[in-house]
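First the structure, in the form of structure tokens, and then the observations on it.
There are 2 protein chains.
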Amino acid sequence: MASRAKATILDIAREAGVSKSTVSLVLQGSGLIRPETAVKVRKAIEDVGYVYNRGAANLRKAHSNVIGMVINDLTNPFFAELAVGMERVFQAAGVVPFIANTAENPVRQEEVLKSLMEQGVAGLIVSPARGTTPGAFRRIETAGVPIVFAMRRLPDSRIPVITPDNHRGAVLATEHLIRKGHRRLAFFGGSSDLVVYHERLGGFLEACQTLGIAAADRLIVEGETSRKGGMACLETALAAAEPPTAALCFNDAVAFGAMLALRRRNLEAGADFAVVGFDDVAEAEHYSPALTSVAVDTGGLGERAAHVMLKMIQSRTTRAEDHIGAVSLVVRESSGPDRSKQGMGDAA
Amino acid sequence: MASRAKATILDIAREAGVSKSTVSLVLQGSGLIRPETAVKVRKAIEDVGYVYNRGAANLRKAHSNVIGMVINDLTNPFFAELAVGMERVFQAAGVVPFIANTAENPVRQEEVLKSLMEQGVAGLIVSPARGTTPGAFRRIETAGVPIVFAMRRLPDSRIPVITPDNHRGAVLATEHLIRKGHRRLAFFGGSSDLVVYHERLGGFLEACQTLGIAAADRLIVEGETSRKGGMACLETALAAAEPPTAALCFNDAVAFGAMLALRRRNLEAGADFAVVGFDDVAEAEHYSPALTSVAVDTGGLGERAAHVMLKMIQSRTTRAEDHIGAVSLVVRESSGPDRSKQGMGDAA
DNA sequence: TCCTATAAATGGAACGTTCCAATAAATCAA
DNA sequence: TTGATTTATTGGAACGTTCCATTTATAGGA
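Set out below in structure tokens:
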């Protein structure tokens, strides 16, 4: 074994005393070859230490078996879970997903997409980086490579999207807080360059409206979507003249930040101020106090995105339906009733 | 644009009125072609919506420009940070890193490695899955593809390894606890099928030995390397006849778990029981109380691994030196002095 | 026996690049 | 002018597969 130059099917053919075509057939598991021959060939494959050259094969074959997953922030466990969900499905389908990280940088994203295209990917699942320009995927679309967006959408594009029902999730969470007796509510974190932000904030506002929370009693604090951002949001909120008693946070990271800031002030989330997160990452359950959060079934959405992609590839189309995933509110300890005015709150 | 069949350099050549060789030269940025010609060709490239076919190119070229990163658990932020560190370096070197996740499963790892090899990667950086068999990389080695292990090593292999100085880190942390007056110490989490476990536990034991902690006063509790595992460890430890007053944890996840379990018992990490973690993930600083932990410079190790890989590729060798990264103890709030016997502790 | 039908194996022409050797054009020295 | 040199460009043969159209071997039917 271990010849310096790498072995090809021709070497195998020579070793096994058959033609290269036969070897190719064996590699593809064709039923046309005699079992004994197949065994002979497979032995030769072992002996020469052959590794299949997919690049060469793709030159002839219509489609490759690799799919690109482009993720905006791999260090965020939320997106990592998404990636893992997709992987499960692809693995079962014999497709190899390659993950690339854009670190929330559109330029890097451009490079990564170019590379993936050059490798001849069969499809692309993308959670676009913040600030992605509307035309960023034009070229890929015209090249006929299917794309699916996951978790985030671009303002106008016609590319299919898999996201949780952000609006509904925010409504659920907000209703929950109001039913707990809170009358002055805040929305923490996020910024308006994200479509998701508008969806979640929209749900919050709608629920406030419906359940009769006056505009003056809603506080919206934009901020980084991180722990740090959450801490800042809480400080801002408590500095207000009539501070809120509860907050729906853009995501769990913001919520964790808010809870941390509370503890620094010797306040307890749940008892002194209600906090609800969004995404329900694994950590939420293990926090103390445990975080009430909107569960979006991240892994499930990843699987769904993968399925849609597989179907698109199979039917060689570049169109597909959007998919809005169901959400549910997981009530834990961080969202207690309003206690700011004892005797007045009508907690449910 | 957007012709159904994808454009090749021949189409470009026709469009620009030159030969395919000229186009190829332009694509490679050769200085041999006349600037005006290059401009003409580049315009044609735009017009026909060309995407480079790296598979075809690799058929002729010696080496590809893709590197595989095989990570055992992408949902662990620690490994995600490692991956991100590597990416930084590779990007700058014009190399495209493809990340694949093995989910700590040797079978999956085998598949992933096979795929990567078939794609013709120039090198492989691997954080091996638990339970990887010693021979798992034999084939890749004999194929002459350089491999670097990151964070974890295999028991016997000669493959270069990039890891933090686990032994020293554990010594530092243990000395710290002892100097804080603790006399009954525990080591929480991990299991002996991991080389890293032995390194860290070894440091712990050595420091105990050196500073005169009797064997009877050391408690070793194996467990899952997760929050859940950490919680279990703490319960086990406190159930002992003479429970420890401090613990060094296998990693931060275990430490977080232990702190959680403490809180559930209405005990406070730092005040009632000292906890030290390992790895110093971003979260450690933002926990409450903030976690004392051994910082290993994850991103830096990733960069280092990437550099080693690049050098190996360049010098077409399959050997390289191991690299043991410096560690430091970051003291925060979770590791207070021993208060179990007031008046007796000689806290420093 | 010969002919036909089926099964198994094969040669050769792609696929889209790179790169060498060769050509064509422009420049220079004499 | 001629030949030598440099500068730009080009055809053609790889690279390692797949797949179609054939060929060869095997079996079955008369």
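Chain order of the listed sequences is X and L. Here my numbering is used: the first residue of the first sequence is 1, the next is one more, and so on. Here my numbering is used: the first residue of the second sequence is 1001, the next is one more, and so on. Glycine included, C-beta positions come from ideal geometry on N, C-alpha and C.
For X/L301, the closest Cβ of chain L is not nearer than 8 Å.
Chain-ordered, the chain L residues with CB closer than 7 Å to the CB of X/S115 read V1096. For the beta strand (DSSP E) assignment, the uninterrupted runs of no fewer than 3 residues enclosed by the segment 76-146 of chain X are, from N- to C-terminal side, 96-101 and 123-126. From the beta-carbon of L/V1161, no residue of chain X is found nearer than 9 Å; the closest lies around 23 Å away. The secondary-structure analysis by DSSP pairs L/D1279 across a beta bridge with L/A1295. Residues of the same chain with a CB within less than 8 Å of the CB of X/P289, apart from the 5 flanking positions on each side, are M259, E268, A269, G270, R332, E333 and S334 in chain order. Contact between the segment 295-304 of chain X and the segment 134-146 of chain X is absent, with fewer than three C-beta pairs closer than 8 Å. For the set L/R1200, L/I1213 and L/L1211, the Cα lying nearest the Cα of L/E1222 is the one of L/R1200. Taking C-alpha positions only, L/A1013 is separated from X/N105 by approximately 34 Å. Neighbours of X/S288 across chain L, judged by C-beta separation under 9 Å: M1259, L1260, R1263, R1264 and S1288. With a beta-carbon spacing of about 44 Å, X/K180 and X/G68 fall beyond the 8 Å limit used to define contacts. Note on the segment 1190-1249 of chain L: whole beta strand (DSSP E) runs with a minimum of 3 residues are 1218-1221 and 1246-1249, in chain order. Around X/K6, the beta-carbon contacts reaching into chain L at under 9 Å are A1143 and G1144.
For L/A1232, no Cβ of chain X is located within less than 8 Å of the residue's own Cβ. Contact with chain L is absent for X/R153, since none of that chain's Cβ atoms lies less than 8 Å from the residue's Cβ. A straight-line Cα-Cα distance of about 8 Å links X/T292 and X/E285.
Among the residues of chain L, those whose CB is under 8 Å from the CB of X/E81 are T1075, following chain order. For a Cβ distance threshold of 8 Å, residue set V51, Y52, N53 and R54 of chain X lies close to L/E1118, ordered along the chain. L/F1187 has L/I1220 and L/L1248 as its beta-bridge partners, per DSSP. In the structure shown, the three-state DSSP call for X/I45 is helix. One thing to note: X/N101 has its Cβ no nearer than 8 Å to the Cβ of L/V1126.
The C-alpha of L/Q1314 lies about 30 Å from the C-alpha of L/V1195. Beta-bridge partners of L/M1069 (DSSP): L/I1099 and L/I1125.
DSSP places L/G1325 outside any alpha helix (DSSP H); the residue lies instead in the beta strand (DSSP E), whose first and last residues are H1323 to G1325.
Annotated three-state conformation of X/L154 is coil, per DSSP. Put simply, of L/V1148, L/M1117, L/N1053 and L/L1154 the residue whose alpha carbon is nearest the alpha carbon of L/G1135 is L/L1154. At least one CB of chain L lies nearer than 8 Å to the CB of X/L59. Apart from the 5 residues on each side of it in sequence, X/L310 sits with its Cβ closer than 6 Å to the Cβ of A93 in its chain, given in chain order.
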